[in-house]
Amino acid sequence: MYAAMFKGFITNKMPEKVLDLYDKMEIEPINVTLNVLFNACARIRNDRAKTIGKRLLEKNFNYDQNDTVVFNSAIHMLMRFRDVNIAEDVFHQMKNKDIYTYGTMIKGYNDNQEYEKALDLYEKMNVKPNEMIYTLIFNSCAQLSNDRAKTIGKKFLEQMPDIYRNNTIVLTSAIHMLMKFGDVSNAEHIFQLNREKNIVIYGAIMNGYCINHEPLKCLNIFNEIKQSNLVPDEIVFNIAISACSQIGILSRCQTVADQIPVHMQRQLFIQNALINMWGKSGSFVKAQQIFESVSNPNIITYNSMINVYGLNGMGSEAIELFKHVPTNERDDISYICALNACSHSGLLAEARIIFNQVPTKTEKIITTMIDCLCRLFLFDEAEKLIDNYEKTNSPYVVMY
1 MYAAMFKGFI TNKMPEKVLD LYDKMEIEPI NVTLNVLFNA CARIRNDRAK
51 TIGKRLLEKN FNYDQNDTVV FNSAIHMLMR FRDVNIAEDV FHQMKNKDIY
101 TYGTMIKGYN DNQEYEKALD LYEKMNVKPN EMIYTLIFNS CAQLSNDRAK
151 TIGKKFLEQM PDIYRNNTIV LTSAIHMLMK FGDVSNAEHI FQLNREKNIV
201 IYGAIMNGYC INHEPLKCLN IFNEIKQSNL VPDEIVFNIA ISACSQIGIL
251 SRCQTVADQI PVHMQRQLFI QNALINMWGK SGSFVKAQQI FESVSNPNII
301 TYNSMINVYG LNGMGSEAIE LFKHVPTNER DDISYICALN ACSHSGLLAE
351 ARIIFNQVPT KTEKIITTMI DCLCRLFLFD EAEKLIDNYE KTNSPYVVMY
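The sequence shown begins at 1 in full-length UniProt numbering and counts up one residue at a time.
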């Protein structure tokens, strides 16, 4: 009875009720119940869920049992809690591991930005990869994009069985990986060979062109989507807007903006992207109109508009808007955008005030202030900043 109730709550997205019912249980949970409880705790991830989940793990786990599903659920829960070390302990003590065990571990590593560990585990796998493993490892390699990741990712792709070579989910991850490697031609080759293109794979190739600074190719794919039977979603429009931002041609920007459905125009991340696009194309008036229409701006909204003012030589407006951003909401980009605005408009006094307000002066923020000082020919002051930084840090070449 408990298992059925738990599953019902999970199906109806009510994980808190699973824990409420568990608190009233007068019997120890069986494996089926444990599986659902671990999933509920993984979804909630608050202090209560962590306490219950770990207590269940300590009280009920017998590593001699063969119920791999329960172990996999426990690992998933621990990875969601960011308890990577405990998840690894569970994994290593398991006597029977299946492909889903490896997939759960690799996904957990990816979710916790432990991409090198994901590749380490992949290299130790003694089971045949499936769709999930290919997708996860391609994503791990894409995130790292170092020499090791490029070697592993490309070899993994070369050895991939034909059964996955028209699998849109796998190929989307492969395209993303290759584009992150800067290997545009091979990504294009995979895209062209795919016979069942959906909007997700179109989005992957478009985004790849954007990150490799080929916005015209990105917009060509956008036009190809319109000529097909597919309908662009908000992600595709967002990428098209980003491509327009790179080009900075008003007519191109207007063409894309005119095609965005009304319901998408009200989505915050689309509004933020449009503010950035109009600002980079020199139409700060349109950027300002969108900014003023945003009902609940977030820090990205503010940063985008501050940057627009800065790019268009409106330093005073940028600083005024910066002052309206609550101090506890400002991030590094807020300070960088404000300092850049001061730099472009020659507002030295304001730049010094803002720089002194920065709680943690990162390399990028210091570099931005150095750029501001150098633009105003204050080389001695800029050199002092570099000297102070290098007293406790290794030289940062961008500062020079």
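Here a beta-carbon is modelled for each residue, glycine too, at the ideal position from N, C-alpha and C.
In this structure the region 248-255 does not lie against the region 221-228, because fewer than three pairs of beta carbons, one per stretch, are closer than 8 angstroms. Per DSSP, reduced to three states, the secondary structure at Gln-288 is helical. Taking Thr-172 as reference, the option from Thr-151, Lys-155, Thr-51 and Phe-138 with the minimal CA-CA separation is Phe-138. Around the beta-carbon of Ile-152, 16 or more other beta-carbon atoms lie within 10 Å, marking it buried. Per DSSP, reduced to three states, the secondary structure at Thr-362 is coil, with no helix or strand assignment. In the DSSP assignment, Arg-82 falls outside any alpha helix (DSSP H) and carries neither an H nor an E.
Between Asn-194 and Asn-166, the gap from beta carbon to beta carbon is short of 8 angstroms.
The continuous stretches of alpha helix (DSSP H) do not include His-213, and DSSP gives it neither H nor E. One thing to note: Met-305 has its Cβ within 8 angstroms of the Cβ of Ala-287. In this structure Gly-310 is buried. Its beta-carbon is surrounded by 16 or more other beta-carbon atoms within 10 angstroms. It is roughly 16 angstroms from the alpha-carbon of Asp-233 to the alpha-carbon of Ala-243. In this structure, the alpha-carbon of Lys-361 lies about 18 angstroms from that of Val-325. DSSP places Phe-191 within a helical segment (H, G or I) once states are collapsed to three. In the DSSP annotation of this structure, the continuous segment of the alpha helix (DSSP H) that includes Met-177 starts and ends at 168-181.
In this chain, the alpha helix (DSSP H) harbouring Lys-155 covers 147-158. Residue burial annotation: Ala-349 is exposed, with fewer than 16 other C-beta atoms found within 10 angstroms of its C-beta. Annotation for Ser-334: Ile-299, Tyr-302, Asn-303, Ile-306, Phe-322 and Val-325 place their beta carbon closer than 8 angstroms to its own, counting only its chain and skipping 5 residues before and after. CA-to-CA, the gap between Glu-214 and Ser-145 works out to about 19 angstroms.
Non-local beta-carbon contacts of Ile-221 in its own chain, meaning distances under 8 angstroms to residues more than five positions away in sequence, involve Tyr-202, Ile-205, Met-206 and Tyr-209 in chain order. Closest in alpha carbon position to Thr-327, among Lys-364, Leu-57, Val-398 and Pro-359, is Pro-359. Secondary structure in the region 35-74: no beta strand (DSSP E) run of 3 residues or longer lies completely within the stretch. C-alpha of Glu-114 to C-alpha of Asn-72: approximately 18 angstroms in a straight line. The beta carbons of Met-132 and Gly-103 sit about 4 angstroms from each other, so the pair counts as a contact at 8 angstroms. Taking C-alpha positions only, Ile-290 is separated from Ile-353 by approximately 29 angstroms. Put simply, the backbone Cα of Phe-191 is about 18 angstroms away from that of Val-231.
Taken through DSSP and simplified to helix, strand or coil, Glu-28 comes out as coil. Here DSSP, grouped into helix, strand and coil, assigns Leu-230 to coil.
For the pair Asn-112 and Val-127, the Cα-to-Cα distance works out to about 23 angstroms. Here the C-alpha atom of Gly-182 lies approximately 10 angstroms from the C-alpha atom of Lys-150. By the neighbour-count criterion, in which 16 or more other beta carbons inside 10 Å mark a residue as buried, Met-177 falls on the buried side. Gly-282 is positioned such that its CB atom lies closer than 8 angstroms to that of Asn-312. Taking 8 angstroms as the cut-off, the beta carbon of Lys-180 is found closer than this to the beta carbon of Ala-142.
Runs of the beta strand (DSSP E) spanning 3 or more residues and lying entirely within the region 290-345 do not occur at all.
Boundaries cannot be given for Glu-196, as no alpha helix (DSSP H) includes it and DSSP labels it neither H nor E. Taking C-beta separations shorter than 6 angstroms and ignoring five residues to either side along the sequence, the partners of Ile-386 in its chain run Met-399, following chain order.
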